[in-house]
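Numbering (this note's numbering), first residue to last: -6 to 425.
Note that CB positions come from ideal geometry on N, CA and C, so glycine has one too.
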């Protein structure tokens, strides 16, 4: 039983006193500052009343029961306003609508699971506001569950967290229902219209383990990050495939075009076979830049440890040159010095030379943001941080849901243009 029943007087009257007191304080606070102690009616702070509570659990139970009864009183007031007359009032005779009892509804709130009585009218027209129809769980609980899930916690971990810290008993199936609502939001996000032009688009893939047909296999999440003409970054979409290939990237680029992207000024990619040709097939006017950092890593695979420091120093002179002509001269000296010992590494530079040096066509102010995929690799690292607790995913949908939630958390911090965008935009605009 709720301890409030021990207070002398009618229960409904006491609750209405609380409401009137709260309402009065809210209005008075506009005129003058009030202390928190004034919010609680003095009768609830009397020694006689407080003597009923023996522990913190008693207080929590009282607040839980009070919360449920306050909601019921609010719902009753809403129905009064809907019908236009109070309960038992003669004004309701021959109005065409009347009360039709109540029904029980279980809801989840900050105070835990509660069962309250929802009033209804005979015509079925009453739409409660304080506890909306078809919402059995408080929105704050849903936000909490989704936030914990986005940060990498499993369904069972969330169940334990809610029970141990928030004293909320929510089953794993109920948590799954809440997180599954994310799927529709992810689909809407994936199919949203995009801008007509992007200055730079970085493309890369990140590999996860997913269960399929009883086996755990590797699948790639393809990601594109775009930089618009205002200097802001946004993830343009994510696509799931079995392995990273230029043929799958073709479907990704086609999807971008179908969603409204007419042109991309610069694309930055890793050194995947056939990737440049794929981009040219969909966006023929785009300048394609192979990530220099990927090229350095690939070249270093052929180099022994004792030569590594000198070899990388010589490579640095290539991509830090003032212009393409100087870089070409440096590459010639690089080949003369290392060509006989590390022929494959040198030939890799020569084979991809045009796409490795595309950034030289642009002013110095913007070269650093376009000759590497560091930006999207940083995104991949943060996604890994959010999903590291999941060794594998049961389905593609589970993977899509987790990655999308991680992206939404990461994008919350993308609130300002990239550094020095004011200096970068004018040279790009002139190039266009």
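| Query | Result |
| --- | --- |
| Please work out which residues of its chain come closer than 7 Å, Cβ to Cβ, to residue 181, disregarding the five sequence neighbours upstream and downstream, and give them in chain order. | none |
| Quick check: what's the CA-CA separation for residue 254 versus residue 191? | 8 Å |
| Are the beta-carbon atoms belonging to residue 402 and residue 143 less than 8 Å from one another? | yes |
| Secondary structure at residue 44, three-state DSSP: helix, strand or coil? | coil |
| Leaving out five residues before and five after residue 47 in sequence, what residues of the same chain have Cβ atoms less than 8 Å from its Cβ? | none |
| Would the stretch 349 to 359 and the stretch 161 to 181 be scored as touching if the rule is three or more Cβ pairs under 8 Å? | no |
| Of the choices 226, 247, 275, whose alpha-carbon is the least far from that of residue 195? | 226 |
| Verify whether the separation of the beta carbon atoms of residue 234 and residue 216 is less than 8 Å. | no |
| According to DSSP, which residues form a beta bridge with residue 397? | Answer is none; residue 397 lacks a bridge partner. |
| Is it true that the CB of residue 327 sits closer than 8 Å to the CB of residue 339? | yes |
| For residue 213, write down the residues that DSSP places opposite it in a beta bridge. | 200, 234 |
| Which partner residues of residue 227 appear in the DSSP bridge assignment? | 219 |
| Going by other Cβ atoms of all chains shown within 10 Å of its Cβ, with 16 needed for buried, is residue 81 buried or exposed? | exposed |
| Expressed to the nearest angstrom, what Euclidean distance is found between the alpha-carbon atoms of residue 322 and residue 303? | 18 Å |
| Which residue or residues does DSSP assign as beta-bridge partners of residue 112? | 95 |
| Between 378, 73, 371, which lies nearest to residue 228 when the distance is taken from Cα to Cα? | 371 |
| Who are the Cβ neighbours of residue 52 in its own chain at under 6 Å, not counting the five residues just before and after it? | 46 |
| Residue 193 bridges to which residues according to DSSP? | 220, 259 |
| Taking 8 Å as the threshold, find out whether the stretch 399 to 415 comes into contact with the stretch 205 to 213 through three or more Cβ pairs. | no |
| Using the Cβ count rule (16 or more neighbours within 10 Å means buried), how would you classify residue 393? | buried |
| Is residue 25 helix, strand or coil when you go by DSSP? | Low confidence applies to residue 25: its pLDDT is 45, below 50, so where it sits in the model is not reliable, and the reading given next is rough at best. Three-state result, residue 25: coil. |
| Can you tell me the Cβ-Cβ gap for residue 95 and residue 111, rounded? I've got them flagged as a contact below 8 Å. | 6 Å |
| Just to confirm, are residue 284 and residue 380 a CB contact at a threshold of 8 Å? | no |
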